[in-house]
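Asks: Submitted below is the structure of interest, expressed as structure tokens.
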Amino acid sequence: MKVLILGGDGYLGWPTAMSLSARGHDVWVVDNYLRRKTAVETASEALLNAPLLDERAAIFKAETGNGIKVTIGDLCDRSVLDNIFTIFKPDVVIHYAEQPSAPYSMMNYETARLTFDNNLQTTFNVIWAVLQHAPECHIIKLGTMGEYGTPNIDIEEGWIDIEHKGRSGKFLYPRAAGSLYHTTKVLDTDLLWFYVRTYGLKVSDLMQGPVYGFATAETDISDKLLPHFHYDDIFGTVVNRFLVQAVAGVPLTVYGKGGQTRGYLNIQDTLQCVELAMNNPVDAGELRILNQFTETFSVNELAEKIQAVGNVLNLNVEVKAIENPRKELEDHYYNPIHSGLNELGLKPHYMTDQVIAGMLNKVLEYKDRIDVSKILPRVKWS
Ligand code: USQ
496 MKVLILGGDG YLGWPTAMSL SARGHDVWVV DNYLRRKTAV ETASEALLNA PLLDERAAIF
556 KAETGNGIKV TIGDLCDRSV LDNIFTIFKP DVVIHYAEQP SAPYSMMNYE TARLTFDNNL
616 QTTFNVIWAV LQHAPECHII KLGTMGEYGT PNIDIEEGWI DIEHKGRSGK FLYPRAAGSL
676 YHTTKVLDTD LLWFYVRTYG LKVSDLMQGP VYGFATAETD ISDKLLPHFH YDDIFGTVVN
736 RFLVQAVAGV PLTVYGKGGQ TRGYLNIQDT LQCVELAMNN PVDAGELRIL NQFTETFSVN
796 ELAEKIQAVG NVLNLNVEVK AIENPRKELE DHYYNPIHSG LNELGLKPHY MTDQVIAGML
856 NKVLEYKDRI DVSKILPRVK WS
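Rendered as structure tokens:
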């Protein structure tokens, strides 16, 4: 297939590009290096210095013979997508091109505005590029489990049947996001749903939980092909942060009571899920929503797991609850359904002790690059 990946420099975009290119697809990536720029501006540089896209694509080509086309451009500028769609006419577009950090979106007016403008404008331009140049193209959009929040009822896969005053209907599951970033994903879903039901677009919206890890089949070739790996309070997600904290000798930063429960997945499973969605396209006029995670943990459970494995590796890991910088429930019901991707054939890579040990050992190779001043939370929700 002809696959266009938006946000191809990112934590997930780059591994997806390599994986699909290695499987023989014709892959084109676009990125404007927004993440690299915002990371420098907020003193949140990643653990590993990933080379720029052209260099990574050249290394990948030299090592495997598989090509990845690269365009550096801002998807808020409509002409970037117009030009690529005119030449390439993709069968599928995988849309990761969003500002993905909840804390970044909550820093101040400028970061909130950038998150809002970038995420909505990019999704809007993707919709219009598909409408005007390739209406058969399947849009695979990365959403987030955070769109649903933590309601006191089971979370369905995107849709809910409601009976009301003797009548019934199917509706988008109620959303209650906990940050402006997560709210932009709610707005994306509504925008896509409008264009799906009105113009017959084909969309898969993947509600992803926090992803962890860095190893994929292709990253074994060279460490220069590893994705960005953030451990700072702004772009690092909880598992990756705890791994680095364990190695650095910093007590694991459990926010508040630590009962916050989320659905997690290994980076290898993101690649699988996206490929499964791609190989099983939806019909015209369908918005398919899939909850994308493989297992749920509370923050306390994650801390205990990483502490236990870290101590086997003689890391003397401590865990310390600190004041929660966010506004979120710290003790709540959480039962999200996630059968859709399993039915499509997902074979999960679970967070076993062996997997945790493998990740800790990789971080240990880069221990001297850890800057502990990037670890404690700098952004508060109020
Ligand atoms: N947390 C801690 N300690 C830390 C960091 C986080 O206790 O040092 C807690 C948070 O308070 C939260 C949970 O861990 O309750 C998850 O936080 P996170 O930073 O790992 O994830 P989050 O900000 O929710 O966002 C991440 C990605 C985002 C994705 C989302 C999926 O950055 O792009 O959409 O995970 S989800 O969380 O299911 O919405």
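Take any residue in the sequence shown, count from 1 to its spot, add 495: that is its number in the working numbering.
Ideal Cβ placement from N, Cα and C applies to all residues, glycine included.
Considering only DSSP beta bridges, list what GLY638 is partnered with.
Replies: In the DSSP output, where bridge partners are listed per residue, GLY638 has MET702.
Asks: For the alpha helix (DSSP H) holding LEU764, just list the boundary residues, first then last.
Replies: For the sequence presented, residue 764 should be read as Asp rather than Leu. Taken as a continuous stretch (DSSP letters only), the alpha helix (DSSP H) holding ASP764 covers 762–774.
Asks: Could you tell me if SER699 is buried or exposed, where buried requires 16 or more neighbouring beta carbons within 10 angstroms of its beta carbon?
Replies: That one is buried.
Asks: Please state the DSSP three-state secondary structure of PHE792.
Replies: Reduced to three states, the DSSP call for PHE792 is strand.
Asks: Using a Cβ-Cβ cutoff of less than 7 Å, which residues in the same chain neighbour LEU738 once the five nearest sequence positions on both sides are dropped?
Replies: Contacts found: ILE801, MET854, LEU855 and VAL858.
Asks: Can you give, in chain order, each stretch of the beta strand (DSSP E) that sits fully within the region 795–847 and has at least 3 residues?
Replies: Taking only runs of at least 3 residues, the beta strand (DSSP E) segments lying wholly in the region 795–847 are 814–817.
Asks: DSSP three-state label for ARG736, please.
Replies: Note: ARG736 maps to helix in three-state DSSP.
Asks: Name the two residues that bound the continuous beta strand (DSSP E) containing PHE619.
Replies: Run containing PHE619: none in the beta strand (DSSP E); it sits in the alpha helix (DSSP H), 604–628.
Asks: Determine whether the beta carbon atoms of LEU507 and TYR726 lie at a separation below 7 Å.
Replies: No, these two residues do not count as a Cβ contact at 7 Å.
Asks: How big is the Cα-Cα spacing for ILE634 and LYS815?
Replies: Whole-angstrom Cα-Cα distance: 42 Å.
Asks: Considering only DSSP beta bridges, list what TRP654 is partnered with.
Replies: Beta-bridge pairing links TRP654 to LEU667.
Asks: Evaluate the contact criterion for the region 676–685 versus the region 703–713: three or more CB pairs, one atom per stretch, below 8 Å.
Replies: The answer is no - the region 703–713 does not touch the region 676–685, with fewer than three Cβ pairs under 8 Å.
Asks: Run through the DSSP bridge pairs and tell me what GLN787 is partnered with.
Replies: Answer is GLN703, bridged to GLN787.
Asks: Between which two residues does the alpha helix (DSSP H) containing TYR676 stretch?
Replies: Here the alpha helix (DSSP H) through TYR676 covers 675–694.
Asks: Would a check of beta-carbon distances place ILE729 closer than 7 Å to chain C?
Replies: No chain C appears in the structure shown, which is made up of a single protein chain.
Asks: Going along the chain, which unbroken runs of the beta strand (DSSP E) with 3 or more residues stay wholly within the region 533–606?
Replies: List check, beta strand (DSSP E) in window: 564–567 and 587–590.
Asks: Using three-state DSSP, classify ARG864 as helix, strand or coil.
Replies: Reduced to three states, the DSSP call for ARG864 is helix.
Asks: Taking the alpha carbon of ASN795 as the reference point, which residue from GLU770, GLU813 and SER877 has its own alpha carbon closest?
Replies: When only C-alpha atoms are compared, the closest one is GLU813.
Asks: Does the distance from the CB of ILE563 to the CB of ALA512 come in under 7 Å?
Replies: Taking 7 Å as the Cβ cut-off, ILE563 and ALA512 qualify as a contacting pair.
Asks: Would MET496 pass as a contact of VAL621 if the rule is Cβ separation under 7 Å?
Replies: No.
Asks: Please classify LYS636 as buried or exposed, where buried requires at least 16 neighbouring CB atoms within 10 angstroms.
Replies: Buried.
Asks: Does the beta-carbon of ARG484, which I'm using as the reference point, lie nearer than 6 Å to any heavy atom of the ligand USQ?
Replies: Lying before the first or after the last residue shown, residue 484 is absent from the chain, which here runs from 496 to 877.
Asks: Which of the three DSSP states, helix, strand or coil, is assigned to ARG518?
Replies: Three-state DSSP puts ARG518 in coil, outside helix and strand.
Asks: For the ligand USQ, I want to know if MET640 counts as a neighbour, meaning its beta carbon is within less than 6 Å of at least one of the ligand's heavy atoms.
Replies: It does: the Cβ of MET640 is within 6 Å (strictly closer) of some heavy atom of the ligand USQ.
Asks: Helix or strand or just coil, what does DSSP make of TRP876?
Replies: Coil, per DSSP.
Asks: Could you check how far apart the C-beta atoms of ALA803 and LEU785 are, in whole angstroms? I think they sit under 8 Å.
Replies: The Cβ separation is near 32 Å, so there is no contact.
Asks: Shorter than 6 Å, the distance from the beta carbon of TYR591 to the closest heavy atom of the ligand USQ, or not?
Replies: No, the Cβ of TYR591 stays beyond 6 Å of every heavy atom of the ligand USQ.
Asks: Which two residues bound the contiguous beta strand (DSSP E) that contains THR748?
Replies: First-last of the beta strand (DSSP E) with THR748: 747–750.
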